[in-house]
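Novice:
Residue numbers (mature numbering (1 follows the signal peptide of the UniProt record, and there is no 0)): -24 to -1, 1 to 306.
So, in structure tokens, the structure goes:
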């Protein structure tokens, strides 16, 4: 009789072990294949969290057209915040390399990597020293260009000299960017070896700050960060459509994209299927009840779910739904 309870305990333990093993096998969280193997849904999901999410800030994610390279911004604190452009690449066995600081980053304050539509160039923002006429303390737009299996040396594009950030390109080479000191969006139109720089009109540049512009390769829509009166949180993402040569009034993308936290840095993959953005939302709130031990709060802060920015992705289907709404209203 005494052996039966022991047998039951062993059975229960074995059942628990097999149950846990089954659950682990059913959910493979290791990113595999191009574009991390993601299948976008109509709601935001963390992008490759086991690879990218950390207690640091992560934002500005961009894939090359083949989905085999991914660059993004990581921020560290060295008495002041310092941006690092990090990257990971797809191996031949379809796994991804451990993220590392890009070969052209790490010494200066670098942000905002974004591939141009054909992947031949990677644009980024940097406070690194440039020409003698440029302040080393203000950001400029830079790019590196494919050279065989490697990249060229960084080249500066001194558009306004007033803190230029976050460049995004059309197929025609028009570069959209924001000027931090003014809080407005601009575009640089190529004219031979030079650019004609224009500030976007008041339809886009509203009384609140605008930034982080992502323009579609065909220049038919624009998604950007704003701080409008209708913002749900610290900063929200907005969209405007280019219809018959005119931009529509920016529309708050609302939930589930925006939240009570900070949303920024929109990007759409070159095939138009994946929408990526950064958000400081929490999956699980901190327990800050009276007399709660700080050890639990400190431990949570050491995870990726600590309120710092993380990278999220979802389907781009919402873009066409919103565009059609404007077309139907014509």
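Virtual Cβ for every residue (Gly too), placed ideally from N, Cα, C. These figures come from a predicted structure and were not determined experimentally.
(1) Can you tell me the Cα-Cα spacing of residue 13 and residue 266, whole angstroms?
(2) Keeping to the same chain, check which residues put their C-beta closer than 7 Å to that of residue 82; ignore five residues upstream and five downstream.
(3) Measure the alpha-carbon distance for residue 287 versus residue 105 and round it to whole angstroms.
(4) Report the option in 305, 292, 299 whose CA atom is closest to the CA atom of residue 17.
(5) Ignore the nearest five residues each way along the sequence and tell me which others in residue 33's own chain have a CB closer than 6 Å to its CB.
(6) Do residue 199 and residue 290 count as a contact pair if the criterion is CB distance below 9 Å?
(7) By Cβ distance below 6 Å, which residues in the same chain neighbour residue 152 in space, the five residues on each side in sequence not counted?
(8) Measuring CA to CA, which of 147, 8, 149, 173 is closest to residue 155?
(9) Residue 49 and residue 65 look like a contact to me (Cβ under 8 Å); what is the Cβ gap, rounded to whole Å?
(10) Between the Cα of residue 277 and those of 262, 269, 268, spot the shortest distance and give me the residue it belongs to.
(11) Residue 204 and residue 240: beta carbons closer than 9 Å?
(12) Leaving out five residues before and five after residue 119 in sequence, what residues of the same chain have Cβ atoms less than 6 Å from its Cβ?
(13) Going by the beta-carbon positions, is the gap between residue 56 and residue 39 smaller than 9 Å?
(14) Quickly, what does DSSP pair residue 47 with across the bridge? List them, please.
(15) Helix, strand or coil for residue -1, going by three-state DSSP, please let me know.
(16) What would DSSP say about residue 15, mapped onto helix, strand or coil?
(17) Which value, in whole angstroms, describes the spacing of the CA atoms of residue 29 and residue 306?
(18) What is the residue span of the alpha helix (DSSP H) that residue 301 lies within?
(19) Might you give, ordered along the chain, the residues of its own chain that have their beta carbon closer than 7 Å to the beta carbon of residue 236, omitting 5 neighbours on each side?
(20) Just how far apart, CA to CA, sit residue 128 and residue 80?
(21) Pick out whichever of 92, 93, 116, 91 has its Cα sitting closest to the Cα of residue 101.
Specialist: Walking through what the data contain:
(1) 43 Å
(2) 60
(3) 29 Å
(4) 292
(5) 51, 284, 285
(6) no
(7) 144, 163, 189, 191
(8) 173
(9) Their Cβ separation, rounded to whole angstroms, is 17 Å, which puts residue 49 and residue 65 out of contact at 8 Å.
(10) 262
(11) no
(12) 97, 99, 131
(13) no
(14) 38, 63
(15) Low per-residue confidence applies at residue -1: pLDDT is 29, beneath 50, and the placement is therefore not dependable enough to give any value.
(16) coil
(17) 43 Å
(18) 293 to 304
(19) 208, 209
(20) 10 Å
(21) 116
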